[in-house]
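S.K.: Just passing along the structure, written as structure tokens.
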Amino acid sequence: MQIETLVSSNAIQPLHLSIYKMAATIGRLLKTSAKVATGGLKVSASPHGNSVNKASRILTCPVLQKTCFSTSTAGWAPAVTQHAPHFKATAVHNGEFKEMSLDDFKGKYLVLFFYPLDFTFVCPTEIISFSDKASEFHDINCEVVGVSVDSHFTHLAWINTPRKAGGLGNIHIPLLADLNKQVSRDYGILLEGPGIALRGLFIIDPSGVVKHMSVNDLPVGRCVDETLRLVRAFQFVETHGEVCPASWTPDSPTIKPTPEGSKEYFEKVNN
Numbered sequence: 032m033q034i035e036t037l038v039s040s041n042a043i044q045p046l047h048l049s050i051y052k053m054a055a056t057i058g059r060l061l062k063t064s065a066k067v068a069t070g071g072l073k074v075s076a077s078p079h080g081n082s083v084n085k086a087s088r089i090l091t092c093p094v095l096q097k098t099c100f101s102t103s104t105a106g107w108a109p110a111v112t113q114h115a116p117h118f119k120a121t122a123v124h125n126g127e128f129k130e131m132s133l134d135d136f137k138g139k140y141l142v143l144f145f146y147p148l149d150f151t152f153v154c155p156t157e158i159i160s161f162s163d164k165a166s167e168f169h170d171i172n173c174e175v176v177g178v179s180v181d182s183h184f185t186h187l188a189w190i191n192t193p194r195k196a197g198g199l200g201n202i203h204i205p206l207l208a209d210l211n212k213q214v215s216r217d218y219g220i221l222l223e224g225p226g227i228a229l230r231g232l233f234i235i236d237p238s239g240v241v242k243h244m245s246v247n248d249l250p251v252g253r254c255v256d257e258t259l260r261l262v263r264a265f266q267f268v269e270t271h272g273e274v275c276p277a278s279w280t281p282d283s284p285t286i287k288p289t290p291e292g293s294k295e296y297f298e299k300v301n302n
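Going by the working numbering, the first residue of the sequence shown is number 32, and it counts up by one from there.
The following block contains the structure:
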């Protein structure tokens, strides 16, 4: 096989020109693949001053670190141990319209849960369950807010519909209107095709940091008692410095997070 010969300092004379055409084609394909892998996103400053820089949270392909839910097209999305995305929108609370933002919950725990749509089937069971437990959340310095892509007018109409007819009736938690879908998109749980949110749930601590996040597919509702248990567990760790084992409840033993200290727990539960 004839070898390529360097003719001058700025020109190469190949025997097989097709090799260069193939290399150029591969280069273009790799460049296109890289753009697809990152969603064509550009790194820019985070829209919320207290959040981690967008560069550390950008949606990437599966072979790279992934910090967003796969449904997110936003350049940044919440991550546990990072600050929650800021939001501001109109809510319905106690029959009134009210502007509400993440800043309103500074100094408190917040359970922010998303649901697909008003006047549906699983959604009222979740909202009513959270509402029924509202006083228990309040007792531990925690607020609960529901969010969907419906308008605040639709929220109010649903609240004014009797429960026997599939409505909410009187509830004790606010419902946030995400009509432009920005909050759902920023939290990474918007299904762009149908334009509705998955059943995402976020526990945010008093300093605005995400402590827990989970997401259900549309047909299955969430367990409110489990959410309450998680909030209590995070608060216990903050107060006592010990960690909570599997299925922990307030009357369960906890673990001192050291090799020597943990032996006390393991000896107790393995007798």
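Where a beta carbon is used, it is the ideal one built from N, C-alpha and C, also for glycine.
Going by DSSP, what residue range makes up the alpha helix (DSSP H) through residue 263?
M.R.: Run containing residue 263: 255 to 271, per the alpha helix (DSSP H) assignment.
S.K.: What residue ranges within the stretch 119 to 154 form continuous beta strand (DSSP E) runs of no fewer than 3 residues, ordered along the chain?
M.R.: The stretch 119 to 154 contains these whole beta strand (DSSP E) runs: 119 to 124, 127 to 132 and 140 to 145.
S.K.: Name the one or two DSSP bridge partners that residue 179 has.
M.R.: Answer is 208.
S.K.: From residue 219 to residue 286, what distance separates their C-alpha atoms?
M.R.: C-alpha separation (whole angstroms): 33 Å.
S.K.: First and last residue of the alpha helix (DSSP H) that includes residue 240?
M.R.: Run containing residue 240: none; DSSP gives neither H nor E here.
S.K.: Quick check on the DSSP output: the alpha helix (DSSP H) that includes residue 216 runs from which residue to which?
M.R.: Residues 213 to 217.
S.K.: Taking all protein chains shown into account, do 16 or more other C-beta atoms lie within 10 angstroms of the C-beta of residue 112, making it buried, or fewer, making it exposed?
M.R.: Exposed, since its Cβ has fewer than 16 Cβ neighbours within 10 Å.
S.K.: Apply the 10 Å Cβ neighbour rule to residue 138 and answer buried if 16 or more other Cβ atoms are within range, or exposed otherwise.
M.R.: Result: exposed.
S.K.: Select from 158, 297 and 146 the residue whose C-alpha is nearest the C-alpha of residue 204.
M.R.: Comparing Cα-Cα distances from residue 204 to each of 158, 297 and 146, the minimum goes to 158.
S.K.: So for residue 77, helix, strand or coil by DSSP?
M.R.: With a pLDDT of 41 at residue 77, under the threshold of 50, the modelled position of that residue is not reliable, and the figure given next carries that caveat. Note: residue 77 maps to coil in three-state DSSP.
S.K.: Would you say the stretch 161 to 169 touches the stretch 126 to 134, given that touching needs at least three Cβ pairs under 8 Å?
M.R.: Cβ pair count under 8 Å is below three, so no.
S.K.: Is it the case that the stretch 174 to 194 contacts the stretch 207 to 223, given that we only count it when at least three CB pairs across the two stretches are under 8 Å?
M.R.: Yes, the stretch 207 to 223 is in contact with the stretch 174 to 194.
S.K.: Grab the span of the alpha helix (DSSP H) containing residue 169 for me, first residue to last.
M.R.: Per DSSP, residue 169 belongs to the alpha helix (DSSP H) from 165 to 170.
S.K.: Rounded to whole angstroms, what's the CA-CA distance from residue 257 to residue 211? Just pull it up for me.
M.R.: Roughly 30 Å between the two C-alpha positions.
S.K.: By the three-class DSSP mapping on this structure, what secondary structure does residue 186 have?
M.R.: The answer is helix: DSSP assigns residue 186 an H, G or I state.
S.K.: Quick check on residue 5: does DSSP put it in helix, strand or coil?
M.R.: Coverage of the chain is limited to positions 32 through 302, which leaves residue 5 absent and any answer about it impossible.
S.K.: Counting Cβ pairs, one atom from each stretch, are 3 or more of them under 8 Å apart for the stretch 188 to 200 and the stretch 217 to 237?
M.R.: With the cut-off at 8 Å, the stretch 188 to 200 and the stretch 217 to 237 do not touch.
S.K.: Quick one: what's got a C-beta closer than 6 Å to residue 115's C-beta in the same chain, skipping five residues either side?
M.R.: Here the set comprises 109, 235, 239 and 241.
S.K.: Should residue 288 go down as buried or exposed, given a rule of 16 or more other Cβ atoms within 10 Å for buried?
M.R.: Classification for residue 288: exposed.
S.K.: On the DSSP bridge assignment, give the partners of residue 174 in chain order.
M.R.: BP columns for residue 174 point to 141.
S.K.: Within 10 angstroms of its Cβ, does residue 152 collect 16 or more other Cβ (buried), or is it exposed?
M.R.: Exposed is the call here.
S.K.: To the nearest angstrom, how far is the alpha carbon of residue 144 from that of residue 176?
M.R.: Those two C-alpha atoms are separated by around 6 Å.
S.K.: Measure how close the beta-carbons of residue 229 and residue 246 come, nearest whole angstrom, since I'm counting them as under 8 Å.
M.R.: With a Cβ gap of about 5 Å, residue 229 and residue 246 count as contacting.
S.K.: Under three-state DSSP, which class holds residue 274?
M.R.: It is a strand residue.
S.K.: Given that a residue counts as buried once 16 or more other Cβ atoms are within 10 Å of its Cβ, and exposed if not, what is residue 154?
M.R.: Classification for residue 154: buried.
S.K.: Hey, how far is the Cα of residue 9 from the Cα of residue 119?
M.R.: Nothing can be reported for residue 9: it is not among the residues displayed for the chain, which extend from 32 to 302.
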